[in-house]
Amino acid sequence: MAEAATTTRPAGDPRWAPPHPRGAVLTVEGVVEHGDQRGRLLGFPTANVALAGTGPGDGVWAGTVHVDPSGGGPLHVAAVSLGRRPTYYGEDGERLLEANLLDFTGDLYDRSVLVRLHVRLRPQQAFSGSAELVAQMQRDVARTRAWAVGAGLGHLLVAPPR
Ligand SMILES: Cc1cc2nc3c(=O)[nH]c(=O)nc-3n(C[C@H](O)[C@H](O)[C@H](O)COP(=O)(O)O)c2cc1C
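See the structure below:
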């Protein structure tokens with residue numbers, strides 16, 4: 000079935016957002032793809048969106064995921080990884096956006112999402128193993144919670160930090 004051409008840029012192409020004091024630095028729109036499920040095994044399930052091969056913004060970010068944005072779907076706080084997962088795939092991995100939605104269980108496969116990246120927490124790193132990566136992701140999520148509260152998004156969290 001032919002799809003209407005509604006956009007002039009590829010889905011999942013990160014672009015700089017208009018400057019705003021409390022706004023996003025980058026936004027990415029796309030459709031959530033099926034991943035390889037490793038995130039679930041690690042305890043950090045992710046909603047994955049394919050990215051264009053090159054572009055700005057690789058690293059780990061605190062931000063939000065708006066589900067079905069044109070239909071007014073829910074907003075979630077998320078710790079977001081953008082890059083090639085060097086721990087598992089070296090520098091040649093597929094470039095991917097992976098969002099761990101805080102306090103969310105469920106699947107978002109094939110849903111449209113608008114991801115807003117607000118604060119860059121760190122670069123992508125190649126860890127020596129999954130345990131080291133998981134320990135760092137716990138710190139990323141803690142920092143994302145703190146960011147959300149400071150940004151006035153604490154009401155989106157089930158267990159805001161005190
Ligand atoms: C908050 C967060 C930070 C991450 N940081 C890194 C990182 O520094 N290095 C890396 O190789 N992968 C990183 N990842 C990606 C994980 O390797 C990936 O989510 C995991 O392997 C699961 O992959 P899957 O979604 O294909 O199942 C990060 C993911 C999240 C959610």
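In numbering that gives the first Met the number 0, the protein residues as written are 0 to 161.
Beta carbons are placed, not taken as given, at the ideal position from N, Cα and C, and that holds for glycine.
Beta-carbon separation (whole angstroms), residue i vs residue j, contact threshold 8 Å
i: Leu25; j: His75; result: Actually they do not touch by this definition, with Cβ atoms about 17 Å apart.
i: Val112; j: Val31; result: 6 Å
i: Arg94; j: Gly105; result: 26 Å between Cβ atoms; not a contact.
i: Asn99; j: Ala78; result: 5 Å
i: Ala61; j: Arg142; result: 6 Å
i: Gln123; j: Asp57; result: 6 Å
Range covered by the alpha helix (DSSP H) that runs through residue i
i: Val148; result: Ser129 to Gly149
i: Leu40; result: Arg37 to Leu41
i: Thr86; result: Pro85 to Tyr88
Distance between residue j and residue i (C-alpha atoms, nearest Å)
i: Asp67; j: Leu107; result: 10 Å
i: Val48; j: Arg121; result: 20 Å
i: Glu97; j: Gly149; result: 23 Å
i: Glu90; j: Arg84; result: 8 Å
i: Leu132; j: Thr45; result: 14 Å
i: Leu152; j: Asp35; result: 30 Å
i: Leu41; j: Met136; result: 10 Å
i: His33; j: Ala147; result: 27 Å
i: Asp109; j: Gly38; result: 18 Å
Assigned exposure category for residue i - 16 Cβ within 10 Å defines buried
i: Ser127; result: exposed
i: Asp139; result: buried
i: Thr53; result: exposed
i: Ser69; result: exposed
i: Ala134; result: exposed
i: Arg144; result: buried
Host beta strand (DSSP E) of residue i (start-end)
i: Leu107; result: Segment: none, Leu107 is in no beta strand (DSSP E) and carries neither H nor E.
i: Ala63; result: A small correction: the amino acid at residue 63 is Thr; Ala does not occupy that position in the sequence shown. Unbroken beta strand (DSSP E) run through Thr63: Gly58 to Val66.
i: Ser80; result: Leu74 to Gly82
i: Val48; result: Ala46 to Ala49
i: Gly26; result: With the sequence shown as reference, residue 26 is identified as Thr, and Gly is not the correct amino acid for it. Counting along the chain, the beta strand (DSSP E) containing Thr26 begins and ends at Leu25 to Val30.
CB contact check: residue i to chain B, cutoff 8 Å
i: Leu107; result: Absent from the structure: chain B. Only one protein chain is present.
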